[in-house]
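Structure first, then comments.
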Amino acid sequence: MKNNPEHLPIWIAGPCSIESEEQLWTTAQQLHDIIQRDGLHLDFFRAGVWKTRSHPDSFTGLGEQTLPWLEKIQTQLGFPVCVEVQTPEHVELCEKHGIQTIWVGARTGVNPVEVQKIADAVSHKPFTVLVKNPIVADLKLWIGNVERFLQADVQKVMAVHRGFPDNKENVLRNAPCWEIPIALKVHFPDIPILCDPSHLCGQTSYIPQMAQIALTYGFDGLMLECHHAPQKALSDASQQLTPSQWAELVRKLQFPTNVPDRELVRQRALLENVDNQLSQLLWQRMQIVDEIANIKKEHLLPVVQPQQWQKVVERYHQQEHDELYSRFLDQFLPLLHQYSILRQQDDNSYIES
Ligand code: PEP
Ligand code: MN
């Protein structure tokens, strides 16, 4: 790991909400000065114009009047601005004020009808669209939302992982469920995926650790909330970094390089060999299961024989291994058993794909 990679991560920073022209400008200018001073870079300055808050009494943003303030940030500080939109009217207003990067928030993302309206509004236009994960942990819904913007042929689409609320008293505000953004990355290998550690963590103390995990997993960048005086913020006060805390974090984070390592190439070849053997062995196992099925049928023996399966499980666990491998076996062996049973039933045509 190095912290001077050839492919720079995408950095997005800015306040959760615009609260006044002064707050917006001070935050943006401090970020600008620190970036100049430390030789950093910012790809987009984020700012909440219209806020989708859970409670009706919460601050819902200052709306349209803030758009000229954002235009000034673009022209005077040179930061491309990105904002959350919830309706086609928001898209139209952004267009009118020269804002070409928008994002779909986690709450809007749960409603494909609303997402499609936004996709139609940006269709064939030079917009960059960031699609946050919906608040429900539903990979297909997130994939579908990304797909709507790809089909709308916008200039660029990116995804943002901000975690999933699970109504548990967790340390983090939202559960990372890393397997979901990783599955999205596998599904769309060419789409950059960013992490939003601010909403993931809910408080600044956990941000460095989660940000580092995301970069180590291979996320393409980070969206971080940043406020010149977070303690006074009207929304998400506990999770916003000051511009200098943001710069300190950016300087400390390490990102993987994309340079292939000779040792890695050698290990990959070994892995390929093991995978080939595993694949053949698994298929061979299935065929033996089919033979056993015939014998059971002939002698009217039950398909499910728990004691027999117990022995199989014990055999796998006998081999020396670590805790994580035990957890893998706990998930893998029931699946193996389930499919062995399905193969032994005459009619398994109902199996879901
Ligand atoms: C935000 O980024 O300001 C925001 C509201 O995020 P999310 O939609 O992820 O909650
Ligand atoms: Mn926020």
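Numbering (my numbering), first residue to last: 1190 to 1542.
Just so it is clear, CB atoms sit at the ideal spot from N, CA and C, and this is done for glycine as well.
All figures in this text were calculated on a predicted structure; none of them were measured in a lab.
Runs of the alpha helix (DSSP H) spanning 4 or more residues and lying entirely within the stretch 1249 to 1327 occur at 1256 to 1261, 1277 to 1285 and 1301 to 1311, in chain order. Around the Cβ of F1521, a 10 Å sphere holds fewer than 16 other Cβ atoms; the residue is exposed. In summary, W1472 is exposed, with fewer than 16 beta-carbon neighbours lying within 10 Å of its beta-carbon over all protein chains present.
When DSSP states are grouped into helix, strand and coil, I1382 belongs to the strand group.
Going by C-alpha positions, G1252 is about 5 Å away from W1239. Note that the C-beta distance between E1208 and L1413 is not below 9 Å.
Fewer than three pairs of CB atoms, one per stretch, sit closer than 8 Å, so the stretch 1248 to 1263 makes no contact with the stretch 1467 to 1483. A contact between stretches requires three or more CB pairs, one per stretch, nearer than 8 Å, and the stretch 1331 to 1345 fails this requirement with the stretch 1276 to 1286. Assignment of V1346 by DSSP, reduced to helix, strand and coil, places it in the strand class.
Look at the beta carbons and you see the stretch 1203 to 1218 not touching the stretch 1320 to 1335: under three pairs across the two are nearer than 8 Å.
For W1214, the enclosing alpha helix (DSSP H) has its first and last residue at E1210 to D1227. Excluding the 5 residues flanking it on each side, K1485 has same chain C-beta neighbours closer than 8 Å at P1491, V1492 and Q1533, in chain order.
Taken in chain order, the unbroken stretches of alpha helix (DSSP H) that lie wholly in the stretch 1363 to 1443 and span 4 residues or more are 1368 to 1376, 1386 to 1390, 1396 to 1406 and 1432 to 1441. Residue nearest to D1355 within the set V1346, C1366 and V1349 is C1366 (criterion: CA-CA distance). In this structure, V1272 keeps its C-beta atom at 9 Å or more from the C-beta atom of A1308. The Cβ neighbour count for P1432, taken over all protein chains shown within 10 Å, is at least 16; the residue is labelled buried. Selection V1304, V1346 and L1220 evaluated against P1315 yields V1346 as nearest (Cα-Cα).
Apart from the 5 residues on each side of it in sequence, P1419 sits with its Cβ closer than 6 Å to the Cβ of A1426 and Q1429 in its chain, given in chain order.
Here the distance from the Cβ of E1414 to the nearest heavy atom of ligand 2 is below 8 Å.
For A1458, the enclosing alpha helix (DSSP H) covers residues R1451 to E1487. D1409 is positioned such that its CB atom lies closer than 9 Å to that of I1382. Of the candidates T1405, S1312, L1411 and A1436, A1436 places its Cα closest to the Cα of H1417. Distance from the CA atom of Q1466 to the CA atom of Q1219, rounded to whole angstroms, is 57 Å.
Restricted to the stretch 1490 to 1515, the alpha helix (DSSP H) segments that are unbroken, complete and at least 4 residues in length are 1495 to 1507, listed in chain order.
Per DSSP, reduced to three states, the secondary structure at G1333 is helical. Approximately 11 Å separates the beta-carbon atoms of N1359 and L1389; this is outside 8 Å, ruling out the contact. For R1532, the three-state secondary structure derived from DSSP is helix. Counting every other CB atom within 10 Å of its CB across the protein chains shown gives I1477 a total below 16, marking it as exposed.
If you draw a straight line from the Cα of L1282 to the Cα of G1298, it comes to about 20 Å.
Excluding residues up to 5 positions away in sequence, L1328, W1331, I1332, A1348 and I1382 lie with their Cβ nearer than 7 Å to the Cβ of L1373 in the same chain. Sequence-distant Cβ neighbours of D1232 in its own chain, meaning closer than 8 Å and more than five residues away, are I1199, W1200, I1201, P1269 and G1410.
Shortest Cα-Cα distance from T1290 to any of T1276, Q1305, S1243 and F1234 involves F1234. Beta-bridge analysis with DSSP links I1199 to G1410. Straight-line measurement puts the Cα of G1250 at about 29 Å from the Cα of Q1225. If you draw a straight line from the Cα of G1352 to the Cα of L1442, it comes to about 20 Å.
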